[in-house]
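The next block holds one structure in the form of structure tokens; read it before the comments.
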Amino acid sequence: MSRPDGPSPNRSSGARAAVPLAAPVFAFGVSFGALAESAGFNPFLAVAMSATTFAGSAQFAAASILTAGGGAAAALIAGILLNARYIPIGISLAPAIAGPVWKRFLYAQLAVDESWAVSHIGDGRYDKDLLFGAGLTLYLSWLIGTALGVVAGGVLGDPERLGLDAAFPALFLVLLAPRLGDREARWTVLGGGLVALALVPLAPAGVPILTAVIPPLLIARFTWRRA
Amino acid sequence: MAPGVIVVVFLGLATMALKAAGPVLLEGRPLPRPATAVVVLMGPSLLAALIAVSTFEGTRSLVVDARALGVLAAAVALRFKVPSLLVVIIAAAVTATARAVS
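Here is the structure:
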């Protein structure tokens, strides 16, 4: 992880920051590839989905719904809801990504929760080289994992048996800890976490995480007025 | 078209658009100050939500299971300034162990 006062962030430091998650992402890629087979995807389609959607939770949800016979519309809606958080994530990354439109488009595709989180360099600013290094590392892990899963099925067994699902919240915790310095951040963390938890039993998957943008909107507005 | 093809094509296009919306439309310009204030707080808030949901989400319910133990172990390791790779490994190992014995 780079700090604002550390050496200037670059692509290889971004890649290094993503290393703790390369193995879990790879393992879940394998298990997605295996699931995609049973969802009726041909091998090409499964790999194409990982290459174009590149968002684990949405892909798992969509493939599970198809496997259960839920139909294309339900799978599509579930996937889009799960990925709706990429609008606010994209907005937060936008000031860091300059250049021609095709370049901004491609950089944006490397955004997943993990690459977004590790490319933060302080005060709500993000770095596009960190995003590139971390995003590409995770992209390749996910894509190669999916291809292996399609070819070899669940060769690695269930990633959850290895506890790999806990790797994601653990890394998010690592990235969150240094950002709890001020009181507003602590309030917003409490708000975002509690609102999301409260909505898990009530709202479709994806919505609870998306609602985490509400506490920052309220708190920022309040402090803006006071200032 | 087979349902699989429809989902892959349209979810792919939709996700690419969702990810690209901000960076493409905002053209790399700095955000206005009120928006920056929101973005500063959005990082921690979204991380908190991701942690909460990926730790406690069941099927339309909240559950406390092996993941919670793993994340708790990660928090303790973090307290002792353990490097991030090791924090992640500890979380996975504790979760796997808890699952194996339960």
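Those protein sequence lines, which keep their order, are chains A and B. If you read the first sequence in my numbering, its first letter stands for residue 1, the second for the next number, and so on. If you read the second sequence in my numbering, its first letter stands for residue 1001, the second for the next number, and so on. Here a beta-carbon is modelled for each residue, glycine too, at the ideal position from N, C-alpha and C. Quick caveat, the model's predicted, so the values are computed rather than measured.
### Query
How many angstroms separate the CA atom of D158/A from the CA atom of L131/A?
Cα to Cα, the separation comes out at about 29 Å.
### Contiguous alpha helix (DSSP H) assignments of at least 4 residues, all confined to the segment 1013-1098 of chain B
For the segment 1013-1098 of chain B, the continuous alpha helix (DSSP H) assignments of 4+ residues that do not extend past its boundaries occur at 1033-1056, 1066-1079, in sequence order.
### Message
Nearest by alpha-carbon distance to S8/A: which of S119/A, L173/A, V200/A, F60/A is it?
### Response
Cα-wise, what sits closest to S8/A is S119/A.
### Task
Identify whether G122/A lies in helix, strand or coil by the three-state DSSP scheme.
Note: G122/A maps to strand in three-state DSSP.
### Message
Give me, in chain order, the residues of the same chain whose beta-carbon lies closer than 8 Å to that of F196/A; leave out the 5 immediate sequence neighbours on both sides.
### Response
In the sequence as presented, Phe is not what sits at residue 196/A; that position holds Ala. In the same chain as A196/A, and ignoring 5 residues on each side of it, the C-beta atoms closer than 8 Å to its own belong to P208, I209, T211, A212, in chain order.
#### Entry: For A177/A, the nearest candidate out of A1100/B, A1077/B, S1102/B, I1089/B (CA to CA)
Nearest of A1100/B, A1077/B, S1102/B, I1089/B to A177/A, Cα basis: A1077/B.
### Message
In the DSSP assignment, the alpha helix (DSSP H) including L93/A goes from what residue to what residue?
### Response
Counting along the chain, the alpha helix (DSSP H) containing L93/A begins and ends at 86-93.
### Query
Taking three-plus beta-carbon pairs below 8 Å as touching, is the segment 46-54 of chain A in contact with the segment 70-77 of chain A?
No contact exists between the segment 46-54 of chain A and the segment 70-77 of chain A.
### Query
Straight-line CA distance for G69/A to G1004/B?
Taking C-alpha positions only, G69/A is separated from G1004/B by approximately 11 Å.
#### Entry: Cβ distance (whole Å) where A147/A is taken to contact V25/A below 8 Å
Taking 8 Å as the upper bound for CB-CB distance, A147/A and V25/A are not in contact here, some 13 Å apart.
### Query
Cα separation between T1055/B and A1096/B?
Cα-Cα distance, rounded: 14 Å.
### Query
Just how far apart, CA to CA, sit A233/A and V19/A?
Look at the range of chain A in this structure, 1 to 227, and you will see that residue 233/A is not part of it.
### Query
Beta-carbon separation of L1069/B and V1039/B under 9 Å?
Judged by their CB atoms, L1069/B and V1039/B are not nearer to each other than the 9 Å cut-off.
### Bounding residues of the alpha helix (DSSP H) (the contiguous stretch that carries G70/A)
For G70/A, there is no enclosing alpha helix (DSSP H), as DSSP marks it with neither H nor E.
### Query
So is D113/A buried or exposed if we call it buried at 16+ other beta carbons inside 10 Å?
Burial call: buried.
### Message
Among the candidates L1041/B, A1075/B, T1059/B, R1033/B, whose CA atom is the shortest distance from the CA of L173/A?
### Response
Ranking L1041/B, A1075/B, T1059/B, R1033/B by Cα distance to L173/A puts A1075/B first.
### Query
Does S1054/B have its Cβ less than 9 Å from a Cβ in chain A?
Among the residues facing chain A, S1054/B is included, as its CB has a counterpart in that chain under 9 Å away.
### Message
So if I threshold CB-CB distances at 9 Å, which residues from the segment 136-152 of chain A count as touching chain B?
### Response
Cβ contacts with chain B: none found.
### CA-to-CA distance, W187/A to A220/A, given in whole angstroms
Cα to Cα, A220/A sits roughly 11 Å from W187/A.
### Query
Just to confirm, are A78/A and T1015/B a CB contact at a threshold of 9 Å?
Not a contact, by the Cβ cut-off of 9 Å.
### Query
Which class does G1004/B belong to by DSSP, given the choice of helix, strand or coil?
Here G1004/B sits in helix by DSSP.
### Message
Let's test the definition: count the other Cβ atoms within 10 Å of the Cβ of G191/A and tell me whether it reaches 16, buried, or not, exposed.
### Response
With a 10 Å radius around the Cβ and a threshold of 16 neighbouring Cβ atoms, G191/A comes out buried.
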